[in-house]
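Numbering-wise (our numbering), the sequence shown opens with residue 2 and increments by one.
Ideal Cβ positions, reconstructed from N, Cα and C, are used throughout, including at glycine.
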Amino acid sequence: MVVRIELSDEQIDRVFQALAASTRRDILRRTIDREQSVSELARDYDMSFAAVQKHVAVLEAAELIVKRAEGRERLVRANPDMIARARALLTRYEDLWRSRISRLDDLLAEDPAPGSQPTTEKNLTETEGE
(Lines of atoms letter the chains of each structure in order from A; the text may use other names.)
(Lines give C-alpha, C1' and ligand atoms only; values in the text may rest on other atoms or scores of the structure.)
Protein backbone atom coordinates (compact mmCIF):
# COMPACT_ATOMS: atom_id res chain seq x y z
CA MET A 2 0.00 0.00 0.00
CA VAL A 3 1.39 3.40 -1.01
CA VAL A 4 0.57 6.17 1.45
CA ARG A 5 0.62 9.78 0.27
CA ILE A 6 2.00 11.75 3.17
CA GLU A 7 1.55 15.38 2.23
CA LEU A 8 -1.64 17.00 3.43
CA SER A 9 -2.87 20.43 2.39
CA ASP A 10 -3.39 23.07 5.07
CA GLU A 11 -7.14 22.62 4.62
CA GLN A 12 -6.87 18.85 5.17
CA ILE A 13 -4.70 19.37 8.25
CA ASP A 14 -7.25 21.80 9.68
CA ARG A 15 -10.10 19.33 9.07
CA VAL A 16 -8.18 16.44 10.67
CA PHE A 17 -7.30 18.39 13.82
CA GLN A 18 -10.83 19.80 14.06
CA ALA A 19 -12.25 16.30 13.76
CA LEU A 20 -9.91 14.92 16.41
CA ALA A 21 -10.59 17.81 18.81
CA ALA A 22 -13.83 16.26 20.11
CA SER A 23 -13.75 13.21 22.37
CA THR A 24 -16.91 11.76 20.81
CA ARG A 25 -15.34 11.86 17.35
CA ARG A 26 -12.12 10.28 18.65
CA ASP A 27 -14.23 7.53 20.21
CA ILE A 28 -16.18 6.96 16.98
CA LEU A 29 -12.89 6.72 15.11
CA ARG A 30 -11.50 4.26 17.67
CA ARG A 31 -14.61 2.09 17.44
CA THR A 32 -14.58 2.03 13.65
CA ILE A 33 -10.94 1.00 13.53
CA ASP A 34 -11.93 -2.27 15.20
CA ARG A 35 -14.82 -3.00 12.84
CA GLU A 36 -17.29 -1.40 10.48
CA GLN A 37 -20.42 -0.20 12.28
CA SER A 38 -23.70 1.40 11.33
CA VAL A 39 -24.41 4.96 12.40
CA SER A 40 -27.36 3.53 14.38
CA GLU A 41 -25.03 1.18 16.29
CA LEU A 42 -22.70 4.06 17.06
CA ALA A 43 -25.57 6.31 18.18
CA ARG A 44 -26.83 3.78 20.75
CA ASP A 45 -23.75 4.28 22.92
CA TYR A 46 -23.89 8.07 23.22
CA ASP A 47 -26.09 10.27 25.36
CA MET A 48 -27.08 12.45 22.39
CA SER A 49 -29.52 12.39 19.53
CA PHE A 50 -29.04 10.28 16.42
CA ALA A 51 -28.76 13.54 14.43
CA ALA A 52 -25.90 14.71 16.68
CA VAL A 53 -24.01 11.46 16.09
CA GLN A 54 -24.63 11.84 12.35
CA LYS A 55 -23.04 15.31 12.53
CA HIS A 56 -19.98 13.88 14.29
CA VAL A 57 -19.73 11.20 11.60
CA ALA A 58 -20.02 13.90 8.91
CA VAL A 59 -17.09 15.84 10.42
CA LEU A 60 -14.96 12.68 10.47
CA GLU A 61 -15.99 11.91 6.90
CA ALA A 62 -15.12 15.45 5.73
CA ALA A 63 -11.68 14.98 7.31
CA GLU A 64 -11.43 11.66 5.42
CA LEU A 65 -10.73 9.85 8.69
CA ILE A 66 -13.69 7.55 8.08
CA VAL A 67 -15.45 6.18 5.04
CA LYS A 68 -19.23 5.82 4.96
CA ARG A 69 -21.12 3.54 2.62
CA ALA A 70 -24.75 2.60 2.12
CA GLU A 71 -25.96 -0.95 2.53
CA GLY A 72 -29.71 -1.03 2.08
CA ARG A 73 -31.18 1.50 4.48
CA GLU A 74 -28.13 1.49 6.76
CA ARG A 75 -25.07 3.71 6.58
CA LEU A 76 -21.95 1.79 7.53
CA VAL A 77 -18.87 3.56 8.83
CA ARG A 78 -15.28 2.35 8.95
CA ALA A 79 -11.98 4.06 9.70
CA ASN A 80 -9.83 5.13 6.76
CA PRO A 81 -6.35 3.68 7.48
CA ASP A 82 -4.77 5.74 4.67
CA MET A 83 -5.75 9.09 6.21
CA ILE A 84 -4.90 7.88 9.72
CA ALA A 85 -1.41 6.96 8.45
CA ARG A 86 -1.06 10.37 6.79
CA ALA A 87 -2.09 12.16 10.00
CA ARG A 88 0.34 10.02 12.00
CA ALA A 89 3.14 10.86 9.54
CA LEU A 90 2.35 14.57 9.94
CA LEU A 91 2.51 14.29 13.73
CA THR A 92 5.78 12.38 13.46
CA ARG A 93 7.25 15.21 11.39
CA TYR A 94 6.15 17.73 14.05
CA GLU A 95 7.65 15.53 16.77
CA ASP A 96 10.95 15.22 14.87
CA LEU A 97 11.06 18.99 14.38
CA TRP A 98 10.54 19.71 18.07
CA ARG A 99 12.97 17.00 19.20
CA SER A 100 15.59 18.54 16.90
CA ARG A 101 14.96 22.00 18.32
CA ILE A 102 15.15 20.75 21.90
CA SER A 103 18.36 18.88 21.10
CA ARG A 104 19.94 22.03 19.66
CA LEU A 105 18.86 23.98 22.74
CA ASP A 106 20.38 21.31 24.98
CA ASP A 107 23.62 21.55 22.99
CA LEU A 108 23.70 25.32 23.37
CA LEU A 109 23.12 25.11 27.10
CA ALA A 110 25.85 22.49 27.48
CA GLU A 111 28.50 24.54 25.65
CA ASP A 112 31.42 25.99 27.61
CA PRO A 113 31.05 29.68 28.39
CA ALA A 114 32.98 32.15 26.26
CA PRO A 115 36.66 32.58 27.18
CA GLY A 116 37.13 35.13 29.94
CA SER A 117 33.52 34.98 31.10
CA GLN A 118 32.45 33.42 34.30
CA PRO A 119 29.59 30.93 34.50
CA THR A 120 26.65 32.25 36.47
CA THR A 121 26.37 30.57 39.83
CA GLU A 122 24.40 31.31 42.95
CA LYS A 123 27.60 32.62 44.57
CA ASN A 124 28.21 35.04 41.63
CA LEU A 125 24.67 36.35 41.93
CA THR A 126 24.98 36.88 45.69
CA GLU A 127 28.28 38.76 45.29
CA THR A 128 26.83 40.97 42.56
CA GLU A 129 23.73 41.86 44.64
CA GLY A 130 25.96 43.00 47.55
CA GLU A 131 27.82 45.56 45.42
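Helix, strand or coil, according to DSSP, for residue i in the structure here?
{"i": "Val-4", "result": "Caution applies to Val-4, whose pLDDT of 49 falls short of 50 and renders its modelled position unreliable; the model cannot decide the point."}
{"i": "Ala-22", "result": "coil"}
{"i": "Arg-99", "result": "helix"}
{"i": "Arg-35", "result": "coil"}
Under 8 angstroms by Cβ, that's how I've got residue i and residue j pegged, so tell me the actual separation to the nearest angstrom.
{"i": "Thr-32", "j": "Ala-87", "result": "Not a contact, Cβ separation roughly 15 angstroms."}
{"i": "Ile-66", "j": "Val-77", "result": "5 angstroms"}
Along the chain, where does the alpha helix (DSSP H) that runs through residue i open and close?
{"i": "Arg-69", "result": "Not the alpha helix (DSSP H): Arg-69 falls in the beta strand (DSSP E), residues 66-71."}
{"i": "Glu-41", "result": "39-44"}
{"i": "Glu-61", "result": "50-62"}
Starting from residue i and walking both ways along the beta strand (DSSP E), at which residues does that stretch end?
{"i": "Arg-78", "result": "74-79"}
Note down, in chain order, each residue of its chain lying with its Cβ closer than 7 angstroms to the Cβ of residue i, except the 5 sequence neighbours on either side.
{"i": "Leu-90", "result": "Leu-8 and Ile-13"}
{"i": "Ala-43", "result": "Phe-50 and Val-53"}
{"i": "Arg-15", "result": "Ala-62 and Ala-63"}
{"i": "Arg-25", "result": "Ala-19, His-56, Val-59 and Leu-60"}
Ordered along the chain, which non-local residues of its own chain (more than five positions away) have a Cβ less than 6 angstroms from that of residue i?
{"i": "Ser-100", "result": "none"}
query: Can you find at least 3 beta carbon pairs, one from the region 12-25 and one from the region 48-62, that sit closer than 8 angstroms?
result: yes
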